[in-house]
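Residue numbers (our numbering), protein chains in the order written: chain A, 1 to 159; chain B, 160 to 318. The C-beta atom is built at its ideal place from N, Cα and C for all residues, glycine as well. Only a predicted model underlies this, so the values are computations on that prediction, with no experimental measurement involved. Only one structure is covered here, and it is reproduced in the block below.
Protein chains: 2
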Amino acid sequence: MSNIADYIECYLKKLLSENPCGYVEIRRNELAGRFNCVPSQINYVLTTRFSASQGYLVESRRGGGGYVRVVKLPLEKQGNLALDIYRLIGDTVSRSEAEGLIGRLYEGELITWREAQLMQAVVSRSIAHLDAPLRDRFRALSLKAMVVSILRTTGETRF
Amino acid sequence: MSNIADYIECYLKKLLSENPCGYVEIRRNELAGRFNCVPSQINYVLTTRFSASQGYLVESRRGGGGYVRVVKLPLEKQGNLALDIYRLIGDTVSRSEAEGLIGRLYEGELITWREAQLMQAVVSRSIAHLDAPLRDRFRALSLKAMVVSILRTTGETRF
DNA sequence: CCCTTTTTGACTTTGTCTGACCTTAACTAT
DNA sequence: ATAGTTAAGGTCAGACAAAGTCAAAAAGGG
Numbered sequence: 001m002s003n004i005a006d007y008i009e010c011y012l013k014k015l016l017s018e019n020p021c022g023y024v025e026i027r028r029n030e031l032a033g034r035f036n037c038v039p040s041q042i043n044y045v046l047t048t049r050f051s052a053s054q055g056y057l058v059e060s061r062r063g064g065g066g067y068v069r070v071v072k073l074p075l076e077k078q079g080n081l082a083l084d085i086y087r088l089i090g091d092t093v094s095r096s097e098a099e100g101l102i103g104r105l106y107e108g109e110l111i112t113w114r115e116a117q118l119m120q121a122v123v124s125r126s127i128a129h130l131d132a133p134l135r136d137r138f139r140a141l142s143l144k145a146m147v148v149s150i151l152r153t154t155g156e157t158r159f
Numbered sequence: 160m161s162n163i164a165d166y167i168e169c170y171l172k173k174l175l176s177e178n179p180c181g182y183v184e185i186r187r188n189e190l191a192g193r194f195n196c197v198p199s200q201i202n203y204v205l206t207t208r209f210s211a212s213q214g215y216l217v218e219s220r221r222g223g224g225g226y227v228r229v230v231k232l233p234l235e236k237q238g239n240l241a242l243d244i245y246r247l248i249g250d251t252v253s254r255s256e257a258e259g260l261i262g263r264l265y266e267g268e269l270i271t272w273r274e275a276q277l278m279q280a281v282v283s284r285s286i287a288h289l290d291a292p293l294r295d296r297f298r299a300l301s302l303k304a305m306v307v308s309i310l311r312t313t314g315e316t317r318f
């Protein structure tokens, strides 16, 4: 059990647990240097150990002054419902499925009525004219992104 | 956050917030000197961070006694802003344009912070891996659908 | 041995910074 | 007035600096 990926995973999780703000920011190349591996190894670790269904969100920026930010999704409150819903969403989602999921989020009081309307608009109207296969994939992508966003912002009330 | 562009952006925004008259006037060369960079860097910051979609207007004059003026466009109160933004969105929208527009909705208090995050997730994360032309079209579609939803649920401006 | 996971590196995409060259305005001397 | 000088700011292409992708090679584990 001495593979680099596990060490990197461990290192990042330690950083996360030490950091009370719920996220950690790194520079990919520097981290790769610290573990003597190629930079893309970092991406491997991020995709296999820090995926959304595992409760993490990864954001990054390229170019000069770029960074990678790993956010631990706050699951303390009702978050688990949203995470379950996230896991339920596959590669394609029908319109009625999407509406059902959004309805459950609303009933579980994880989103407001306005937020529900906003989400409905995305999964129905915005893509209404696309062909079925593409449409269902888009719907899944948007829905997942939105659920992650909800997952991340539940609790915080930054108005 | 170790790139000059971000520092300059920050500096200008601070000046703007301190200045109640809604604009700030600088001399390009002097500002470049203050940040130890080449003058055209200032133009880079202005075009990437102070675009019209982000709610700014940049005026300038060359020659002796030249200047650069950065104006924060006042947001039209209530429904008009969203309607204007809707009209501004064409068939394709870049990521930074979209983020700028969402930012303005938030500043205009037409959407909450959470709603802004939700919208950002749709226009940036959900479609990150699609090819550019398709991506920009899909972004425009989603953004329009979302703005319409905002217009509807904000009441007043019927659509 | 075969299958899964890890590791690697060549290539791509995105964002930033720089410098050479261009345009415009004000001032000055004729 | 007019031409020349100087003092601004503008443009653009290319260098540089990250991070992302993908598929093939290598390493493990049953």
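With H, G and I counted as helix, E and B as strand and the rest as coil, what does DSSP make of residue i?
{"i": "V227(B)", "result": "strand"}
{"i": "E97(A)", "result": "helix"}
{"i": "S60(A)", "result": "strand"}
{"i": "V164(A)", "result": "This structure cannot speak to residue 164(A), because chain A is shown only from 1 to 159."}
{"i": "T316(B)", "result": "Below a pLDDT of 50, predicted positions are generally treated as unreliable, and T316(B), at 46, falls in that range; no measurement from the model is reported."}
{"i": "I172(A)", "result": "This structure does not reach residue 172(A), given that chain A is present from 1 up to 159, and the question cannot be answered."}
{"i": "I248(B)", "result": "coil"}
{"i": "V183(B)", "result": "strand"}
{"i": "K172(B)", "result": "helix"}
{"i": "D131(A)", "result": "coil"}
{"i": "E319(B)", "result": "Residue 319(B) lies beyond the residue range present for chain B, which begins at 160 and ends at 318; the question has no answer from this structure."}
{"i": "K77(A)", "result": "coil"}
{"i": "V197(B)", "result": "coil"}
{"i": "S149(A)", "result": "helix"}
{"i": "N202(B)", "result": "helix"}
{"i": "S142(A)", "result": "helix"}
{"i": "N29(A)", "result": "helix"}
{"i": "S2(A)", "result": "coil"}
{"i": "G214(B)", "result": "coil"}
{"i": "I167(B)", "result": "helix"}
{"i": "F209(B)", "result": "coil"}
Between residue i and residue j, which are expected to be in contact by the criterion C-beta below 8 Å, what is the C-beta distance as a whole number of angstroms?
{"i": "L75(A)", "j": "L83(A)", "result": "6 Å"}
{"i": "E274(B)", "j": "R114(A)", "result": "7 Å"}
{"i": "Y86(A)", "j": "V147(A)", "result": "5 Å"}
{"i": "E109(A)", "j": "Y67(A)", "result": "At roughly 34 Å, the Cβ-Cβ gap does not stay under 8 Å, so E109(A) and Y67(A) are not in contact."}
{"i": "I201(B)", "j": "R187(B)", "result": "5 Å"}
{"i": "L216(B)", "j": "S126(A)", "result": "Actually they are not in contact, since the Cβ atoms of L216(B) and S126(A) sit about 30 Å apart, beyond 8 Å."}
{"i": "L260(B)", "j": "L302(B)", "result": "7 Å"}
{"i": "E256(B)", "j": "S212(B)", "result": "4 Å"}
{"i": "G214(B)", "j": "R263(B)", "result": "5 Å"}
{"i": "T189(A)", "j": "K77(A)", "result": "The structure shown does not extend to residue 189(A), since chain A spans only 1 to 159, so no value can be given for it."}
**Q.** Cβ contact check for the region 181-196 of chain B and the region 133-149 of chain A: 3 or more pairs under 8 Å
**A.** Judged by Cβ distances under 8 Å, the region 181-196 of chain B makes no contact with the region 133-149 of chain A, as fewer than three pairs qualify.
Q. Mind listing which residues of the region 170-201 of chain B have their C-beta closer than 8 Å to chain A's C-betas, in chain order?
A. Shown here is that no member of the region 170-201 of chain B has a Cβ falling below 8 Å from a Cβ of chain A.
Q.
Does the region 161-169 of chain B come into contact with the region 118-133 of chain A, if we say contact requires no fewer than three beta-carbon pairs (one atom in each stretch) closer than 8 Å?
A. Contact annotation: the region 161-169 of chain B does not touch the region 118-133 of chain A, with fewer than three C-beta pairs closer than 8 Å.
Q: With 7 Å as the limit, tell me which residues of the region 109-137 of chain A have their beta carbon closer than that to any beta carbon of chain B; keep them in chain order.
A: Answer in chain order: R114, E115, Q117, L118, A121, V122, R125, S126, I127.
Q. Of the residues that make up the region 54-78 of chain A, which ones have a beta carbon closer than 7 Å to any beta carbon in chain B?
A. Taken in chain order, the members of the region 54-78 of chain A whose beta-carbon sits within less than 7 Å of a beta-carbon on chain B are G64, G65.
Q | Sufficient close CB pairs (3 or more, under 8 Å) joining the region 119-126 of chain A to the region 56-72 of chain A | A | Contact check between the region 119-126 of chain A and the region 56-72 of chain A: fewer than three CB pairs, one atom from each, fall below 8 Å, which does not count as touching.
Q | the region 6-22 of chain A contacting the region 45-56 of chain A, beta-carbon criterion three pairs below 8 Å | A | The answer is yes - the region 45-56 of chain A touches the region 6-22 of chain A, with three or more Cβ pairs under 8 Å.
**Q.** Where the region 144-155 of chain A meets chain B: residues whose CB sits under 8 Å from a CB there
**A.** Flagged, chain order: K144, A145, M146, V148, S149, I150, R152, T153.
Q) If contact means a Cβ-Cβ distance below 9 Å, which residues of the region 82-107 of chain A contact chain B? A) Here the close residues number zero.
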